[in-house]
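Each residue of the sequence shown is one higher than the one before, starting from 46 at the first, in my numbering.
Think of the CB as a built atom: it goes at the ideal place given N, C-alpha and C, for glycine as much as any other residue.
All values reported here derive from a predicted model rather than from experimental measurement.
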Amino acid sequence: KRSESKCSEWSRKPPGIRIIRDTIALFISHFEFIFMDLTSLKSVQQFVEMFRARGLPLHVLVNNAGTMMVPEMRTVDGFEFHFALNYLGHFLLTNSLLDILKRSGRQGSRSRIVNVSSATHYAGVVDMEDLNRRACYSSHGAYAQSKLALVLFTYHLQEQMTAGGFPVTVNAVDPGMVDTALYDNLWSLVRSCKVLFLHVCPPQTPAEGASTTVYAAVASEMEGVGGRYVYNGRKTRSADLSYDSELQAELWKKSCELAGLREN
Ligand SMILES: NC(=O)c1ccc[n+]([C@@H]2O[C@H](COP(=O)([O-])OP(=O)(O)OC[C@H]3O[C@@H](n4cnc5c(N)ncnc54)[C@H](OP(=O)(O)O)[C@@H]3O)[C@@H](O)[C@H]2O)c1
């Protein structure tokens, strides 16, 4: 969670969200919300330290947080907002927890990383010379780039896990169109069009929208399956660009530099 007060409040008294109350609370005796602001590298590092101090295993990491079409903004670290929140924060988080994920998995029960991308990635272009979109900003372009970056990251990380024989799988998912606060930043004109569009083509509820992510995170059919793009419960081909292994490696190297990680 990105709000410290909500974290402590929710840990004491979980909100009335049915999926949390009925599902998680029934099966898990202890759960906790821990603060992390993915737009701040320092906040991600602090979260990782806190998590490490618990000495817990980690079997599933879902990189779900995101924002869409916000006006041009920079994070505390000076990165473009979509790039930092949707991609770089998750890149740092995943890499910082990778040793725990590796230790927690085993053959037949691998640890799983699920990166929540979007169909918008098909329109994405990764500009290696200007990842922060300083030259020409478009909120749609920035969102699409961040979601394509997540898919490139997914495939490159899976290659590393396979090459090293580590019991970790990494997949990207597209939840489809889901009625959430993600659309709050659309301009009012587009929002009105959206209302009309949604009338003709109703979006999924958040619970329905979460199903593909949950499928990738826990389904037995997905055991040992990695490096896939999953949409609607099915493995689907992602954008051609996302399979470009040179681009994957270049983005990985640059992301390590930007996030202050040593390339392995
Ligand atoms: N909705 C769709 O139609 C759709 C389609 C394709 C892909 N997606 C993807 O699905 C994912 C979830 O989006 P959603 O539709 O559920 O949108 P949402 O309702 O706006 O949820 C956004 C989530 O991101 C978290 N978040 C935002 N800023 C954060 C920050 N700085 N640090 C940490 N967490 C932060 C929020 O945490 P708090 O709860 O603390 O605010 C919230 O959990 C996103 O990656 C989005 O791109 C959604």
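- Sequence-distant Cβ neighbours of R157 in its own chain, meaning closer than 6 angstroms and more than five residues away, are V105, T214, A262.
- In terms of Cβ geometry, V93 and T258 do not form a close pair [threshold 8 angstroms].
- If you look at R148, you'll find it in the alpha helix (DSSP H) that goes 134 to 149.
- Inclusion of G209 and N277 in the CB contact set at 8 angstroms is not warranted, their separation being larger than that value.
- Pairing V218 with V275 gives a Cβ-Cβ distance under 8 angstroms.
- Listed in chain order, the non-local C-beta contacts of L193 below 7 angstroms within the same chain comprise H166, G169, V171, A284, L286, S287, local neighbours out to five positions each way being set aside.
- Linking C246 to D224 through their CA atoms gives a straight-line distance of about 12 angstroms.
- Residue side-chain check: D122 keeps its Cβ at 7 angstroms or more from all non-hydrogen atoms of ligand 1.
- The region 140 to 147 makes no contact with the region 171 to 185: fewer than 3 CB pairs, one atom from each, lie closer than 8 angstroms.
- Each of F126, N109, A110, Y260 was checked against the Cα of E117, and the nearest Cα belongs to F126.
- The C-alpha of S154 is placed about 14 angstroms away from the C-alpha of M206.
- Residues of the same chain with a CB within less than 6 angstroms of the CB of L306, apart from the 5 flanking positions on each side, are N140 in chain order.
- With respect to the 8 angstroms criterion, G272 and Y200 are classified as neighbours on the basis of their beta carbons.
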